[in-house]
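Taking it in order: structure first as structure tokens, then the write-up.
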Amino acid sequence: MDKKIIVITGASGTGKTTISKYLKDTYHIPSVITHTTRLPREGEKDGIDYHFETKESFFKNHYLEKVEYSGHWYGSSEESLKKTWEKYDAVSIVVDTKGAISYKKKYGKNAVVIFLEVSFDKVTQRLKKRGDDQSRLSTRINSEEFQRDLKIPCELVNECYKITNDNIKKTEEKVNNILKSEKIK
1 MDKKIIVITG ASGTGKTTIS KYLKDTYHIP SVITHTTRLP REGEKDGIDY HFETKESFFK
61 NHYLEKVEYS GHWYGSSEES LKKTWEKYDA VSIVVDTKGA ISYKKKYGKN AVVIFLEVSF
121 DKVTQRLKKR GDDQSRLSTR INSEEFQRDL KIPCELVNEC YKITNDNIKK TEEKVNNILK
181 SEKIK
């Protein structure tokens, strides 16, 4: 069987991490742990939620994609993906749309891209609930990256599944159907 990577993308607050967790809990599809230079949020753990890095340690890895977002670096390393693929045939990863393009280009049919979207009002509501302070929230929403990730980039049109995540149960059903059609169990 070919190794598969389920690439979950979209703007902040669209439910990417929730869907990644659903894949893990329901199908035992683990998430590739990505790297960041931002500080952990309350309850987050190094090596589980992210590899929390300093700017110096961050740049020692070999990245399939990396981006600076709201003043912090995020990236997914080849080392982390290969290590996860050693144990599992299907894995998931949460990345921005630029990262999703990189995965689709590199892995082709083995990269199953799911683009999540929600209304702008719902996104801002979710980000507020996360505990981001008002100035950080404002910076994030007005960033070029956030605005870019609100819509499917032309490189992924007809190359990804689009789900409007307004209802988690309906979204989960759509994810189930994607896994069936892609023969991922």
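Each residue of the sequence shown is one higher than the one before, counting from 1 in the UniProt record's numbering. Built from N, CA and C at the ideal position, the CB exists for glycine as well.
At the C-beta level, residue 13 and residue 123 come within 7 Å of one another.
Here residue 9 carries a strand assignment [DSSP, helix/strand/coil]. For residue 113, the uninterrupted beta strand (DSSP E) segment begins and ends at 111-117. Between the C-alpha atoms of residue 185 and residue 160 there is a straight-line separation of about 19 Å.
Residue 23 is a Cβ neighbour of residue 92, given a cutoff of 7 Å. DSSP, reduced to helix, strand and coil, places residue 36 within a strand of the structure shown. Cβ contact annotation for residue 47 (same chain, cutoff 8 Å, sequence separation greater than five): 33, in chain order. Taking a cut-off of 8 Å on C-beta distances, the region 86-102 touches the region 147-159, as three or more cross pairs fall below it. In this structure, residue 16 places its C-beta atom within 7 Å of the C-beta atom of residue 116. Annotation: the continuous alpha helix (DSSP H) that includes residue 175 extends over 168-181. For residue 49, the closest alpha carbon among the candidates 111, 94, 85 is that of 94. With a 10 Å radius around the Cβ and a threshold of 16 neighbouring Cβ atoms, residue 58 comes out buried. When the five nearest sequence neighbours on each side are left out, the beta carbons in the same chain lying within less than 7 Å of the beta carbon of residue 79 are those of 61, 62, in order along the chain. Residue 68 is bridged by DSSP to 73. Distance from the CA atom of residue 106 to the CA atom of residue 146, rounded to whole angstroms, is 24 Å. Bounds of the alpha helix (DSSP H) holding residue 21 are 16-27. Between residue 112 and residue 182, the gap from beta carbon to beta carbon is short of 7 Å.
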